[in-house]
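Engineer: Protein chains in written order, with this note's numbering: chain A, 12 to 333; chain B, 1481 to 1769; chain C, 1242 to 1587.
Ideal placement from N, C-alpha and C gives every residue a C-beta, glycine not left out.
Please read these numbers as outputs of a predicted model, since none were measured by experiment.
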Amino acid sequence: MAAPEFLLEGRGLTVTYGNGVRAVSDVDLTVRHGEIVGLVGESGCGKSSLANTVLRMVKPQSGTLSFNGKDLLAMHGDELKAVRRSLQVVPQDPSTSLNPRLTIAQSVEFNLKVHGWGRRERRARVMEMLDRVGIPASYSTRYPHQLSGGQLQRVAIARALVTDPSLVVCDEAVSALDKSVQAQILNLLAQLQRDLDVAFLFVSHDLTVVEHVSDRVLVMYLGRIVEEGPATEILTAPRHPYTQALLASIPTRGQQRAAIHGEPPSPVNPPSGCGFRTRCPYAVDACAGYDNTPHAVGPDHAARCVRLDDLALTAPQAWRNS
Amino acid sequence: MTSAAVLTTRFRARRRPTWALSTQVLLALVVLLLGTVFLGSVIAPYGATDGDPANRLLGFGSAGHLLGTDGQGRDILSRLILGTRLSLLTGIIPVLIAGTVGSAVGLCAGLASRLVNTLIMRTLDVFYSFPSILLAIGVAAALGPSIKNAIIALSIVLIPPVARIVEAEVVALRSAAFMKVAECSGASRFLIAVRHVVPNIRAPLVVYCTTLIGLSIVDAAGLSFLGLGASPPTAEWGLMLNDARNYFFRAPAVALAPALAILLVALLFNALGDRLRVELDVRQRGATP
Amino acid sequence: MSTFSKTRPPLLETTRPTADQTVLRVTDLTTGFRRGATTTEVVRGVSFDLRAGRTLVLLGESGCGKSVTARSLMRLTPERAVIGGSVQLGDEELLTLPLADVVRRRGKRIALVPQDPAGALSPLRKIGSQVSEVLRVHGIVGTRQERTGRTLELLDRVGIPDPQRVAGSYAHELSGGMRQRVAIAIAVACDPEVLIADEPTTALDVTVQAQILELFQDLQARLGMATLLVTHDVGVAERMADEIAVMYAGRIVESGLAETVLSAPRHPYTAALLRALPVPGVRRGELQPIPGQPSAPSERPAGCPFRTRCDFQHDACSEYEPPLFVTDVATHAACDLMRPSQQAVG
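1. Can you round the beta-carbon distance between residue 1356/C and residue 1441/C to whole angstroms, since I take them to be within the 8 Å contact cut?
2. Who does residue 99/A pair with in a DSSP beta bridge?
3. For residue 82/A, return the contacting residues in chain B, with the cut-off set at a CB-CB distance below 9 Å.
4. Taking 8 Å as the threshold (C-beta atoms), are residue 1635/B and residue 1577/B in contact?
5. Is any beta-carbon of chain A found at less than 8 Å from that of residue 1670/B?
6. Just verifying my parser: in three-state terms, what is the DSSP assignment at residue 1348/C?
7. Anything in chain C within Cβ reach of residue 198/A, meaning under 7 Å, just list it in chain order.
8. Any beta-carbon of chain A closer than 8 Å to the one on residue 1679/B?
9. Can you check the stretch 1276 to 1333 of chain C for any alpha helix (DSSP H) of at least 4 residues that lies completely inside it and give the ranges in chain order?
10. From residue 208/A to residue 45/A, what does the alpha carbon distance come to, in whole angstroms?
11. Tell me, please, whether the CB atom of residue 107/A is closer than 8 Å to any CB atom in chain B?
12. For the alpha helix (DSSP H) holding residue 1579/B, just list the boundary residues, first then last.
13. Could you pull out every residue in the same chain whose Cβ sits closer than 8 Å to the Cβ of residue 273/A, ignoring the five residues on either side in sequence?
14. For residue 216/A, which three-state DSSP category applies?
15. Taking Cβ to Cβ, would you say residue 1495/C is nearer than 8 Å to residue 1511/C?
16. Give a yes or no on whether the C-beta atoms belonging to residue 1430/C and residue 1375/C are separated by under 8 Å.
17. Restricting to Cα atoms, I'd like to know which of 256/A, 51/A and 228/A is closest to residue 240/A.
18. Residues in the stretch 1450 to 1481 of chain C with C-beta within 8 Å of chain A's C-beta atoms, listed in sequence order?
19. Any beta carbon from chain A within less than 8 Å of residue 1506/C's own beta carbon?
20. How many Å lie between residue 156/A and residue 106/A at the Cα?
21. Any chance you could list the alpha helix (DSSP H) runs of at least 4 consecutive residues sitting entirely within the stretch 101 to 131 of chain A, in chain order?
22. Could you check which residue in 1350/C, 1449/C and 1354/C has the C-alpha nearest to that of residue 1423/C?
23. By the three-class DSSP mapping on this structure, what secondary structure does residue 149/A have?
24. Who are the neighbours of residue 1446/C on chain A, taking C-beta pairs under 7 Å?
25. Does any residue of chain B bring its CB to less than 8 Å from the CB of residue 321/A?
26. Find the residues of chain B that neighbour residue 125/A, judging by a C-beta separation of less than 7 Å, and give them in chain order.
27. Within the same chain, show all residues whose beta-carbon is closer than 7 Å to that of residue 1444/C, passing over the 5 residues directly before and after it, in chain order.
28. List, in order along the chain, the chain A residues whose C-beta lies closer than 8 Å to that of residue 1652/B?
29. Mapping the DSSP letters down to three states, classify residue 1694/B as helix, strand or coil.
30. Going along chain A, which residues have a C-beta under 9 Å from residue 1498/C?
31. Counting contacts by CB-CB distance shorter than 8 Å, is residue 1523/C in contact with chain A?
32. Considering only the alpha carbon of each residue, which of 277/A, 313/A and 101/A lies closest to residue 54/A?
33. Do you know how far the Cα of residue 1533/C is from the Cα of residue 1360/C?
34. Excluding the 5 residues preceding and the 5 following residue 1364/C in the sequence, name in chain order all residues of the same chain whose CB lies nearer than 7 Å to its CB.
35. Would residue 86/A count as contacting chain B if we go by Cβ distances under 8 Å?
36. Apart from the five residues just before and just after residue 1713/B, which ones in its own chain have a Cβ nearer than 7 Å to its Cβ?
Here's what the structure looks like:
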């Protein structure tokens, strides 16, 4: 049997919560083997809900989701457990991502224990992974409060990779770190991806980080993917007004005015048509009736904007000309 | 605190109480208490029921009777010493039972779905709505007066608070990122509970149960006082208080000794709980090894 | 649209400092925290001037002492803090003034915009009453009606679209950006001479951050206050700073005009910090992080605290902790390489 084209393939995913919040609307999400896909958006845009859907922590109302060609949403019991081995997560907050009562070796080991590894194999594997992420063996008996934020995130990465997964979801995995430490972790992720051929779904609010680390970037606003494309294109030639606003909002020297005003509308009661039209500088009447079909603007590059063709959107002022 | 408070008014940090007993003093007191329990019959100058009607209601510091004698001429010091074991048992056993059952219930409720959680917690609330001593009296009265029944009654009374504390801890823990990771790892709920939840609730549970021992001793004494626990002529602090009731105005000392014993032991367990809170916290136990 | 600033006469008949005049002078500020018998120094000998209408950015990573510095200026530190040195607001020495007098100046002459407006606003009182409280406490506006009017003006001034409605809401009903605007309104309510903003946009989304930064600039242009902006974000520093002071291990290691410091950093830490950023053009996996992490105050190496992570470490680095030397680009850097004799050689 030939391997399916996509490691992860979600189509038409929609997540609605009990309180009426439609967190994710009709999202297509694909990740190829060994690919790093970035998912960027501001707080409340639904990126965490989407990540949790992929992790099977949240059940979508509609849509399909397959992992390695198998229907992830229909799985349960042992089958789901087996898939979880190859589908891991690195959470955001280093301070709670490890159990404070377990040594870091025990935390990493737990994942192996779940999947029935023997004691001796576990020990060797844990040490190997800690070494790979740059944690000295002498640290293995330490508790989380004895480590710095960067070290904790290294351990969290080791824990995610210890079962040899094929997809790791990084949910704001570097957001809480200082920039100098963040660079260490980003380099580590890149190296691990090269060495282990593991795919990452890299979720973050920070466009520069996402662009740096990803092959492909999805930009999310109010539950929808408004633009997706190769990382460099998203950064250098963004087509959706929201992506452009995101880029132009990154603070830099000489910047005077804010790119866009106001704040995202409530996902309980989103505007009709394009969700961004209430803040968009280019909004016209047609935006309210837009059915959110994506328009291809290049190979592998698509945007959801009704005015893509008639609007010769000027490229935003180049960000940090270094 | 409003921002205006930050900006304009004096802000004073609350100081921690400075009277807390040191660990050494607490341990010494616990050893003393245990010594009394195990060596009671050796160190007590008289038997628990050895009455001397000629020397009734002697005051503190009487010759041969350091704490005086009660209405039947029994040596109060001896009865206090010999009653320690029973009073402590009625304090500790209900807490052990309630601690086990209550944490199991709390753990289940905390990890269960919202519906099951609601069911369990609201049921507990029904018990919770009675004042604890009233509930204990009701259960003990229904079962009939005996020490065993008093212990059962107290155990039942203490389950809801323990369960509630554990449930709150578990629910708070569920939002920690490592719990999400554990769920994503494919681990069963049982394994998560054993490996990730229990180690994190152990410390607060032990601390809380230690302070409950004090409460349980007071409640047990209360039951005995009302005639629902130990029966005369057993040496038991609550029962001693009950005896003393008749002579309260003639010889207040008779009531004072058991009352103080109950108070001090209850305080001791409270202080012990506070101390454990610090000692059991990995983070406060010293940074790097 | 806020037009009141053109028509309204100044509320305070005080003599405002003219542009570029030094308003707050910090000299050799040292803040330590007592723990038992030992005192851990978190801020060690920090000096800078804040000038009217100018923004000084205090840039540094977590634990470098930048927030403690900011709070020490207003004596908003916990009781166990020991503050030394000098903080001169106009001709008053804030560190020796009785605390009650400093408190009276908070919010009036020197104001704070906190990092987390959610924690700084009371959840139980309406926004309007929290804003007008500052006006009442400082006795700025006489009658209740005047205060209400002024509160609405203030909310309008910070760009809140519907001041009437917001004044009647509670903090939890507002978004993070709106709450930060309210906190700013409270801070500027009494036209302070000095505004201290402690990571004011860290908790906000980037599009909202841009709006808040714009607001800071507008307010400064209009009110002419001296601003101390504390941040860890190089981009925010770049955008906002007239001058910049980079902190590491409790000291200012480099300072000067923002443009110069950021384009020609002379301290290896500043240079390394700028290189660590994921900017376009750097290939994946080829960022240049700073190795290791800052050491805790209790285990700082002797000599230069950065030397264990520094590419230019040499013998002299462990011998003394370099003071700020004047560099070739007229900035100041606390690095042995900038020692005048070294510069002559190099």
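Structural biologist: For this structure:
1. For the purposes of this step, residue 1356/C is identified with residue 115 of the third sequence, where counting begins at 1. For the purposes of this step, residue 1441/C is identified with residue 200 of the third sequence, where counting begins at 1. With a Cβ gap of about 7 Å, residue 1356/C and residue 1441/C count as contacting.
2. Along the first sequence, one-based indexing puts residue 99/A at 88. Answer is 179/A, bridged to residue 99/A.
3. Against the first sequence, residue 82/A aligns to sequence position 71. Neighbours of residue 82/A on chain B: none; closest Cβ ~17 Å, over 9 Å.
4. Within the second sequence, residue 1577/B is the residue found at index 97, counting from 1. Within the second sequence, residue 1635/B is the residue found at index 155, counting from 1. In contact: residue 1577/B and residue 1635/B (Cβ atoms closer than 8 Å).
5. The residue given as residue 1670/B occupies position 190 in the second sequence. So, not an interface residue.
6. Numbered from its first residue, the third sequence carries residue 1348/C at position 107. Here residue 1348/C sits in coil by DSSP.
7. The residue you call residue 198/A lines up with position 187 of the first sequence. The contacting residues are 1526, 1528 and 1530.
8. Here residue 1679/B refers to the residue found at position 199 of the second sequence. Yes, residue 1679/B counts as interfacial toward chain A.
9. 1307 to 1314
10. Within the first sequence, the letter at position 197 stands for residue 208/A. Within the first sequence, the letter at position 34 stands for residue 45/A. Roughly 5 Å between the two C-alpha positions.
11. For the purposes of this step, residue 107/A is taken as the residue at position 96 of the first sequence. Residue 107/A counts as touching chain B.
12. In the second sequence, the residue the question calls residue 1579/B occupies position 99. Its alpha helix (DSSP H) spans residues 1556 to 1591.
13. Sequence index remark: in the first sequence, residue 273/A carries index 262 (1-based). If we look at residue 273/A and ignore the five residues flanking it on each side, its Cβ neighbours are 289 and 290.
14. Within the first sequence, numbered from 1, the residue matching residue 216/A stands at position 205. In the structure shown, residue 216/A sits in coil (DSSP, three-state: anything other than H, G, I, E or B).
15. Looking up residue 1495/C in the third sequence gives position 254. Looking up residue 1511/C in the third sequence gives position 270. Yes.
16. Position 189 of the third sequence holds residue 1430/C. Position 134 of the third sequence holds residue 1375/C. In contact: residue 1430/C and residue 1375/C (Cβ atoms closer than 8 Å).
17. Here residue 240/A corresponds to residue number 229 of the first sequence, with the count starting at 1. Among 256/A, 51/A and 228/A, the Cα nearest to that of residue 240/A belongs to 228/A.
18. 1450, 1451, 1452, 1454, 1455, 1458, 1473, 1474, 1475, 1476, 1477, 1479, 1480 and 1481
19. Residue 1506/C sits at position 265 when you count from the first residue of the third sequence. With 8 Å as the cut-off, residue 1506/C does not count as an interface residue toward chain A.
20. Working through the first sequence from its first residue, we reach residue 156/A at position 145. Working through the first sequence from its first residue, we reach residue 106/A at position 95. C-alpha separation (whole angstroms): 8 Å.
21. 115 to 125
22. Within the third sequence, numbered from 1, the residue matching residue 1423/C stands at position 182. That would be 1354/C, whose Cα lies nearest to the Cα of residue 1423/C.
23. Indexing the first sequence from 1 puts residue 149/A at position 138. Reduced to three states, the DSSP call for residue 149/A is helix.
24. Residue numbering aside, residue 1446/C sits at position 205 when the third sequence is read from its first letter. The contacting residues are 53, 54 and 216.
25. Sequence index remark: in the first sequence, residue 321/A carries index 310 (1-based). No, its Cβ sits nowhere closer than 8 Å to a Cβ of chain B.
26. Here residue 125/A corresponds to residue number 114 of the first sequence, with the count starting at 1. Near residue 125/A (Cβ distances below 7 Å), the residues of chain B are 1665, 1666, 1667 and 1671.
27. Here residue 1444/C is taken as the residue at index 203 of the third sequence, counted from 1. So the qualifying residues of the chain are 1356, 1357 and 1417.
28. Working through the second sequence from its first residue, we reach residue 1652/B at position 172. What residue 1652/B touches in chain A: nothing, since even the nearest Cβ is about 11 Å away.
29. Reading the second sequence from its first residue, position 214 is the one you call residue 1694/B. In the structure shown, residue 1694/B sits in a helix (DSSP, three-state: H, G or I).
30. Here residue 1498/C refers to the residue found at position 257 when the third sequence is read from its first residue. What residue 1498/C touches in chain A: nothing, since even the nearest Cβ is about 12 Å away.
31. By one-based count along the third sequence, residue 1523/C stands at place 282. It does: the Cβ of residue 1523/C has a partner Cβ on chain A nearer than 8 Å.
32. Sequence index remark: in the first sequence, residue 54/A carries index 43 (1-based). Checking every option, the nearest Cα to that of residue 54/A belongs to 277/A.
33. By 1-based counting over the third sequence, the position of residue 1360/C is 119. By 1-based counting over the third sequence, the position of residue 1533/C is 292. About 33 Å.
34. Here residue 1364/C is taken as the residue at index 123 of the third sequence, counted from 1. Excluding positions up to five away in sequence, the list reads 1411, 1412 and 1413.
35. Numbered from 1 along the first sequence, position 75 holds the residue referred to as residue 86/A. False, the Cβ-Cβ gap to chain B never drops below 8 Å.
36. Within the second sequence, the letter at position 233 stands for residue 1713/B. Closer than 7 Å at the Cβ level, and outside the excluded window around residue 1713/B, lie 1529.
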